[in-house]
Each structure stands twice: as C-alpha cells, then as structure tokens.
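Visitor: Structure below; questions to follow.
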Amino acid sequence: MYSRRQSTPFISVVVPVYNESLVIEHTYQRLRSVLEQLSTLYEVIFVNDGSQDDTQAKLLRLVHLQPEVKVVELSRNFGHQIAVTAGIEHAQGDVVVLIDADLQDPPELIAQFLDKWRQGYDVVYAVRVQREGESWFKRWSAGRFYRFLNRATDVQIPLDTGDFRLMNRNVVDSLLAMHERHRFIRGLVSWVGFEQIGIPYVRAERVAGVSKYPLRKMVRFAVDGVTSFSHRPLQWASKLGFSSSILGFVGILAILYMKLFTHSVVRGWTSLMVVVLFLGGVQLLVLGILGEYIGRIYDEVRARPLYFVKGLYNFKHGSETSRD
Ligand code: UDP
Ligand code: MG
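Read in full-length UniProt numbering, the sequence shown has 32 at position 32, and its numbers run on one by one without any break.
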C-alpha cells in the first residue's frame, strides 16, 4: 500500500448546517483547536442549507474573522446529503473530512483519521460503537435499517456508520463524477472502492438544538438508500404478484369444487371482501414500488442542478462570485 507517512495534506472540513445557530460557534472553536494541532493547512467549509434562524449571520461573523472559514450559502433547504455534496464540490483539499455541525461527531477523531490516511487508506470512516442521547427508536431503526440495506443491496455498507469520515482526493473525485440526484453518500463512498477502514467511536449527544431529521426525512433517506443501490424491491413486487395469483388460482379451484360437488354455499360478502381487499392491497403496494422507481427516473432525466448557490464567502479562486 502506498504510504503517505511524510505528507502534510491540505485538509477541507465540510460542515452542513441547517438551523444550527445554537451550536455553530462552539463547533467552530472545537474544530479549530483540533485542526491547529495537526499543523497542516486547512479550510472549514460551512454549507448553510437554507437556515431560517440567524445561522447565516453567525457564519458571516466567522468569515470576517477567520480566513480559513468559507461559507456556501444555498438558495433554500435542499437536505443534508445535497448540502454535503455542495461542500465537497467547493472543497480544495487533498483530503476532505465530513462532519455534522452538532458535535455528535467528536472533531478530535480527525487526528486518528489522518494517521490512518498516512498509512495509505483512502477512506477512514467512524463506526458508532455507542450512541448517546438518542431515542431507542432511532437507535433500533438505524440498526435494523443498515442490516436490511446490506441484505437488499449489492454494495456492502459498513454497519453503524454515518457520514463522519475522511476521504482522499481520488475518492472525492470519484464521488463528484457520480451525478445522481438522490444521493446516499455513505453508500456511494462504499461503492467506489479503494482502501477503506473504520475506526470505532462513541457518538455523543447533540450539544444543543434538536435533530433536523424528523421521521419523514429519515424514511425518505432510507428509501433513497435502498433504491439507489438495488432493484430488488421490484423483484419482490413480482414475486408477491406471482404468489398472490397462485393463491387466487387455488381459491378459484376450491370455490368451483364446493359449487359443483358439495351442497355447501360459499358465503358471498365475506369471501368477496377478503379477495377485494387482499388484491387491492397487493396492487397498491406493487404500484407504490413501481412509482418510487419511476419517480427517480423522472428526477434523473430532468437533470436539474442539484442545488443553487445564493452566496459564496471567502472563496478566492475560480469564476465563482465571491461576495466577501
Ligand atoms: N442538516 C442539513 N440539512 C437538513 C437537515 C440537517 O444540512 O435538511 C445538517 C444538520 O445541521 C447537521 C447534520 O445535517 O449538521 C445532521 O443533522 P442532525 O444532527 O439533525 O441529524 P441526526 O444527528 O439527528 O441524525
Ligand atoms: Mg445530529
């Protein structure tokens, strides 16, 4: 394995922020103290994902005080995965670190990421061995989901892993070469390959504020994860259709037999309702699965930009309009 023992890479830290006014300054201070100790060059890119509180004002204060702080302000809330993508696209670093704004991911781990990177790994991701301050439902559903995902898809996504990770430039460029709309970043990173390794950590409680991932967004995220990497739900749908038609056929034979060879009469209303409700359910389910995939095809063919940028701050290079 290629060793980077001597190198001092330029580090880009990408932080998506959505209504994180309560934590943002604290987060930056902790990040900064970690990054200063690494004695390498760095930039911290905050992506303001359409926050409605005074996150932007606080970010601008940081921008004016610290040349290492850069801000990408999106035109509205595009969601966590798109915000991360926007940050990665603007990152200049030899390595890119993704981290949440709420300090659930301890920045101190970045030093260990870098050690592994120096040993030659291209992706170093953090594996949660324990999660503090999250509801049992969130822990349970996340655990089930990742196990299900590995069964339902062909890409092996490491269990209990979020987006907190370090990526080498080759991985970042591969990631940016994938233009799909519904981005499930941790899956895409696993999918590209290269040398990857996990290191364990304890996921802390949010420092302040509330989770920006309500159940609705979590379900969306989970569906994106499965549909981005597998057609298997479509196969399940056809299997379901097949078994229900066999069931229907057996039912027909049974009814005909009773009608022709016995004197017992099939009770009309109950049996009709059972058949109608059962078939109706199966059909809607299968249509729903089809709809998910067709919706995704539609999103892809429209080929709209992933996001729009309202303002860029402290970016000096390129054709971007720096508004500093
Ligand atoms: N986030 C974002 N856009 C969103 C939702 C969340 O940029 O629409 C950011 C949020 O500010 C945080 C990170 O994504 O930095 C993770 O969100 P959160 O901590 O709320 O998720 P949880 O840890 O509860 O899963
Ligand atoms: Mg969080």
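All C-beta atoms in this analysis are idealised placements derived from N, C-alpha and C, irrespective of residue type, glycine included.
#1: So, at 6 Å on beta carbons, what are the nonlocal neighbours of Ala-83 in its own chain, with the 5 sequence-adjacent residues on each side left out?
#2: Quick one: grab the DSSP three-state call for Phe-164.
#3: Hey, residue 381 and Pro-200: beta-carbon distance below 7 Å or not?
#4: Tell me whether Leu-59 is buried or exposed, calling it buried when 16 or more other Cβ atoms sit within 10 Å of its Cβ.
#5: Quick check: residue 334 and Phe-308, are their CB atoms within less than 7 Å of each other?
#6: Let me make sure I understand the geometry here. Which of Phe-78, Arg-186, Glu-205, Val-155 has the alpha-carbon closest to that of Glu-132?
#7: CB of Tyr-42 to nearest heavy atom of the ligand UDP: below 6 Å?
#8: Would the region 65–75 count as touching the region 142–154 if we require 3 or more Cβ pairs under 8 Å?
#9: Please find out if some non-hydrogen atom of the ligand NAD comes closer than 6 Å to the beta-carbon of Gln-81.
#10: In the DSSP assignment, what are the bridge partners of Gln-196?
#11: Hey, Leu-279 and Ser-244 are a contact pair by Cβ (cut 8 Å); roughly how many whole angstroms apart?
#12: Which residues neighbour the ligand MG when neighbourhood means a C-beta less than 6 Å away from any of its non-hydrogen atoms? List them by chain order.
#13: Decide if Ile-252 is buried, meaning its Cβ has at least 16 other Cβ atoms within 10 Å, or exposed.
Guide: The short version:
#1: Pro-16, Val-47, Asp-49
#2: strand
#3: The requested residue 381 does not occur in the structure, where the chain is confined to residues 1 to 324.
#4: buried
#5: In the structure as shown, the chain starts at 1 and stops at 324, and residue 334 therefore has no counterpart that could be examined.
#6: Glu-205
#7: no
#8: no
#9: This structure lacks the ligand NAD; its bound ligands are the ligand UDP and the ligand MG.
#10: Val-123
#11: 7 Å
#12: Asp-100, Asp-102, Gln-104, Arg-206, Ser-211
#13: exposed
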